[in-house]
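Residues 1 to 425, numbered by UniProt numbering, are exactly what the sequence shown covers, in order.
Don't be surprised by glycine CBs; every beta carbon is placed ideally from N, CA and C.
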Amino acid sequence: MLYSSCIRRVIVQAGIFCKTRLQLGNIRRSLNASRGVNYKWNRQIFTMSGVSMMVDSVSTAKRGPTADLLTGEDDDGGFVCRGWKSEDGELSCGYSSFRGKRVTMEDFFDVKNTTIDGQRVCMFGIFDGHGGSRAAEYLKEHLFENLLKHPQFITDTKLALSTSKFSLAHYYELHNISYIDKSETNIMVPSESYQQTDVDFLDSEKDTYRDDGSTASTAVLVGDHLYVANVGDSRTVISKGGKAIPLSEDHKPNRSDERKRIESAGGVVMWAGTWRVGGVLAMSRAFGNRMLKQFVVAEPEIQQEKSRAFIVSTFDLGGFSQSPELNCNINRRFSIQSMISSTCLDQAEQKIDEEFELLVLASDGLWDVVPNEDAVSIARTEEEPEAAARKLTEAAFTRGSADNITCIVVRFHHNKTDPSNIQED
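Written out as structure tokens, the structure is:
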């Protein structure tokens, strides 16, 4: 395993510094190739057995208990599907995750609900790992907690999600990057919650030979605002009046703005089966990926929408407007791919009205084979989001997805507060 990791490092550096069309990425992928395994499609739906509560004592704001609705997982990470509904009946959520044709599961997801200064906050996140599951699992465990601890999370959620700047030289030092020209100190890089989580993860891995990474697609609901923050090629889509509207744009190396950013930093975008950074990584933004950190940074693109009762953020956050019963952590067995750039989407704000029906967050195991419009159409056929999530996962597998498949479906029930409509956990 050690020799394989060393070879990968040589390949990454060769891809960066040799501006030739070497197919070194193919060599790297062959090192990771495993025997073909056919997994039986397990349709069993696991039931929820309880809710674990935890309280953060570090946050400066008055914060209620955070409920983790993830109550366990299947025996081998092959398949899991569950759902829940808010106490007031205005919002319900379902999630489904399937290892698929892969030998290992590198997708993770997280769902949390809490109250801060009397406001309901709910977070949803998809983390799709590559090169291993460590980065994705780390994000699942720490990203939302770090965001909730941000002193301006409630007063300026966009700031907490986005970034401030510090010098590139300091960034190199934090990431233990020694082979990069540190004279480029005029370049600034992001900090705040997402970037700090990336720095913390890389620091935790500094004594290992691993170099994995992860995406993050999050939706955060705070009061009447919905925030979507995205890093990598996981995606968040809403259904508004039956129309599919993407709230995030995939971070791919061949995006003109991303390619320009990478090349301006001294990187190379090569074709190796698909467009890749340094001939290796098929996305342009991510957490982790120390060897490519100069080009693949952890800065999310953020989109904001105004809602009557919810706030969602897609790099992995989602929120509610009521008591903490909705807080939850979803399955631990999902990791993220690490690719991030410093470009930010235009900020958009709109009123979330009765046409705002549902939200779909998913890893590229779904989006590679299920278009946005199809995903919304499939999800709208099911009243219960748990059934919708399971149906989407099955559709992706049936259409030939060869990747791990994970999705979260959040349904908004406008003006539905009848207690008889509420599921009891």
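- With the rule of 3 Cβ pairs closer than 8 Å, the stretch 208 to 217 counts as touching the stretch 133 to 144.
- Each of Pro151, Ala244 and Phe124 was checked against the Cα of Asp110, and the nearest Cα belongs to Phe124.
- Annotated as proximal: Gly78 and Phe98, with beta-carbon spacing under 9 Å.
- In the three-state reduction of the DSSP assignment, Arg399 falls in the coil class.
- Approximately 7 Å separates the beta-carbon atoms of His413 and Ser92; this is inside 8 Å, confirming the contact.
- In the structure shown, Glu301 falls within a strand segment according to DSSP collapsed to helix, strand and coil.
- Annotation: Leu366 to Asp403 spans about 8 Å, alpha carbon to alpha carbon.
- Within the same chain, and ignoring the five residues on either side of Ile245 in sequence, the residues whose Cβ sits closer than 6 Å to its Cβ are Ile238.
- When secondary structure is reduced to three states using DSSP, Glu357 falls in the strand class.
- DSSP places His225 in the strand class (E or B) of the three-state scheme.
- Within the DSSP bridge table, the entry for Asn230 names Ser217 and Glu301 as partners.
- About 15 Å separates the beta carbon of Ala216 from that of Leu281, a gap too long to meet the 8 Å contact definition.
- At the C-beta level, Arg235 and Pro253 stay beyond 9 Å of one another.
- The Cβ-Cβ distance between Gly288 and Leu202 falls below 9 Å.
- In this model, Phe127 and Asp250 are separated by some 14 Å (Cα to Cα).
- Bounds of any beta strand (DSSP E) do not take in Val376; it lies within the alpha helix (DSSP H) bounded by Asn372 to Arg380.
- For the 9 Å CB-CB criterion, Ser284 and Lys101 do not form a contact.
- With fewer than 16 other Cβ atoms inside 10 Å of its own Cβ, Trp271 counts as exposed.
- Judged by beta-carbon spacing, Thr218 lies within the 9 Å limit of Pro300, meaning their Cβ atoms are closer than that value.
- Put simply, the backbone Cα of Val80 is about 14 Å away from that of Glu106.
- Beta-bridge partners of Tyr95 (DSSP): Arg82 and Ile408.
- Counting C-beta atoms within 10 angstroms of its own C-beta, Val103 has fewer than 16 neighbours from the protein chains shown and is therefore classed as exposed.
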